[in-house]
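One structure is given here, and the rest of the page talks about it.
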Amino acid sequence: MTMPIIGCIADDFTGATDVASMLVSAGMRTLQTIGVPTTSLDDDVEAVVVALKSRTLPADEAVSQSLEALAWLQAQGCEQFYFKYCSTFDSTPAGNIGPVTDALMTSLGTDFTVACPALPANQRTVYNGYLFAGGVPLNESGMQDHPLTPMTDANLVRVLSAQTHQRVDLIDYATLSEGAEAVEARIQALRSAGVGIAICDAIDTQHLHTLARACRHLPLVTAGSGLALGLPANLADRLPAAGQADALPAIAGREAILSGSCSRATLAQLEHGREHYPSYHLDALALADDFEGVIAAALALAEEHLDRGPVLLYASASPEDVRRAQEALGVAEAGALVERAMAEIAQSLVEHHGVRRLLVAGGETSGAVVNALGVQGLRIGPSIDPGVPWTTTFGTPAPLALTLKSGNFGARDFMTKAWRMLP
37 MTMPIIGCIA DDFTGATDVA SMLVSAGMRT LQTIGVPTTS LDDDVEAVVV ALKSRTLPAD
97 EAVSQSLEAL AWLQAQGCEQ FYFKYCSTFD STPAGNIGPV TDALMTSLGT DFTVACPALP
157 ANQRTVYNGY LFAGGVPLNE SGMQDHPLTP MTDANLVRVL SAQTHQRVDL IDYATLSEGA
217 EAVEARIQAL RSAGVGIAIC DAIDTQHLHT LARACRHLPL VTAGSGLALG LPANLADRLP
277 AAGQADALPA IAGREAILSG SCSRATLAQL EHGREHYPSY HLDALALADD FEGVIAAALA
337 LAEEHLDRGP VLLYASASPE DVRRAQEALG VAEAGALVER AMAEIAQSLV EHHGVRRLLV
397 AGGETSGAVV NALGVQGLRI GPSIDPGVPW TTTFGTPAPL ALTLKSGNFG ARDFMTKAWR
457 MLP
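According to the working numbering, the stretch in the sequence shown is residues 37 to 459, in order.
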């Protein structure tokens, strides 16, 4: 059996499929587990991604789960480790990017790592240490309104310094433009100066490939999914023949879309999706007033239309509507109510309505859905848009075709073109 080479720890479920899709696109057969498995790996893969739901947990719980994942990946034989967080660096001054990075560095006995959330293909770039999303600074991109991790500062050196015990400095775009040897020299200089974590610029994909080459000997890297595009090239002589990494079996069945994300990208996709599919909006305040009645109405609409194609059931809302719900219900309760609704609907659609092909939008929503369905892991297939692949499940009574979309990812027509890409 092939032993995995790269072991990834992802802080949410959609982020896990994001990084897994990048590894697959670069030729690595990749398996994603939901949580830390209790048994050993028995698949021939070159990379394994452990999907946690740790992004917004208390920092000590996130650290504990991440160290458990690291220990399991080490036991599977992984040689290099990758802590994957969001390309918008979702975190707060309490963590969890800094505390988890500190703990992984200590456990691996390393004094240095890099931090690079950039994914230029999705308009996430880092320039002079500042993170840009959609061509504007992060704190002007809409992320300042995130209900759980509002990002009000685009300076990543400053943001990460508030979360970590390590000294944080920068590897800038000029150094990356000089090539891998220049980056390696900068790494050595930073290490000698006592720096533990380097924020890395990346304004194009070539910068990510250069950085990956320079990091080939580091036991730990931390990043969004973009760095994963370059890591497989360091292992080219150990990978399977081209074209084998993303093969998936065909799965027949009814189709549904579930969305809880309130990101700008998802709201635009929903606007497009409503033009093509029957839809039902689950309002958070209505759920609080009559939870079972709203669920029943959503499922009744689904059953009426599922034979004719996908249905769209969503709790996504504008920032103003989100604020109103949070003010009335509390931030945690409003979010938990939506997650519970999405979980119950997904379970009913699969168990009682014949749905076997499911598109889920939003990290928290995806976590709730995969837990409700009992998904133990995912085999990663072809990408619909950068960072969003189709997958097939294992651990469910029958395999499902499933895509878990990060809220901010995907083109406007994502919810329509996704179905055309299934085998």
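C-beta atoms are modelled at their ideal positions from N, C-alpha and C, and glycine is treated no differently. Bear in mind that the values here come from a model prediction, so they are computed numbers and not experimental data.
According to the Cβ coordinates, are S261 and V55 closer than 8 Å? The answer is yes: Cβ separation under 8 Å.
Please state whether DSSP places L254 in a helix, a strand or coil. coil
Check this for me: beta carbons of G345 and Y313, under 8 Å apart or not? yes
Is E115 helix, strand or coil by DSSP? coil
Cβ neighbours of A190 in the same chain (closer than 6 Å, five flanking residues each side left out): Y166, L167, P173, L174 and N175
Along the chain, where does the beta strand (DSSP E) containing R415 start, and where does it finish? G413 to D421
Within 8 Å, strictly: CB atoms of S297 and G398: yes
Ordered list of beta strand (DSSP E) runs contained in the segment 252-323, each at least 3 residues: Counting whole runs of 3 or more residues, the segment 252-323 contains the beta strand (DSSP E) stretches 256-259, 290-295 and 315-317.
Suppose only complete runs of 3+ residues qualify. What are the beta strand (DSSP E) ranges in the segment 319-357, listed by chain order? 347-350
N444 in three-state terms, based on DSSP: coil
To the nearest angstrom, report how far apart D147 and A238 are at their CA atoms. 23 Å
My assumption, with CB atoms under 8 Å, is that L436 sits in contact with V386. Please give the rounded CB distance. 7 Å
Which of the three DSSP states, helix, strand or coil, is assigned to P186? For P186, the three-state secondary structure derived from DSSP is coil.
Flag this pair as yes or no: are the beta carbons of D126 and R160 separated by less than 8 Å? no
Is the segment 410-421 touching the segment 129-139 in the sense that three or more CB pairs, one from each, lie closer than 8 Å? no
Between the beta-carbon of G371 and the beta-carbon of E400, is there less than 8 Å? Cβ distance < 8 Å, so G371 and E400 count as in contact.
Hey, out of V374, L342 and M378, whose CA is closest to G390's CA? L342
Can P40 and V86 be called in contact, C-beta distance under 8 Å? no
Where DSSP assigns a beta bridge to F168, which residues make up the other side? T161 and P173
One question on the structure: do A382 and L394 come within less than 8 Å of each other, judged by their Cβ atoms? yes
Pull the bridge partners of N191 from the DSSP assignment, please. Y166
Could you have a look at V150 and say whether DSSP puts it in helix, strand or coil? strand
Considering just the uninterrupted stretch of the beta strand (DSSP E) at V391, what are its terminal residues? V391 to A397
With a threshold of 16 other CB atoms inside 10 Å of the CB of H388, please say whether the residue is buried or exposed. exposed
Member of L212, Q68 and R252 whose CA lies at the smallest distance from the CA of I235: L212
Below 7 Å CB to CB, which residues in the same chain sit around P418 once its five sequence neighbours on both sides are set aside? D282, P425, W426 and M457
Could you say which of P156, T185, A62 and T38 lies nearest to Q112 if we only look at CA atoms? Among P156, T185, A62 and T38, the Cα nearest to that of Q112 belongs to T38.
Using 8 Å for Cβ pairs, my map puts T258 next to M179. What's the rounded Cβ distance? Not quite, the Cβ-Cβ distance comes to about 19 Å (not below 8 Å), so this is no contact.
Mark H201 as exposed unless 16 or more other C-beta atoms lie within 10 angstroms of its C-beta, in which case mark it buried. When all chains shown are included, H201 counts as exposed.
According to DSSP, simplified to helix, strand and coil, what is K453? helix
Grab the span of the alpha helix (DSSP H) containing V136 for me, first residue to last. I133 to L144
Am I right that A334 and L318 are in contact with their C-beta atoms under 8 Å? What's the rounded C-beta distance? 6 Å
Is G230 near Y121, with beta carbons less than 8 Å apart? No, Cβ-Cβ distance for G230 and Y121 is not below 8 Å.
Between G43 and the rest of its own chain, which residues show a CB-CB distance below 6 Å, the 5 nearest in sequence each way excluded? V84, L109, C114 and F117
What's the C-alpha gap between V150 and A216? 14 Å
Cβ-Cβ distance between A62 and L263 below 8 Å: By the CB criterion at 8 Å, A62 and L263 fall outside the cutoff.
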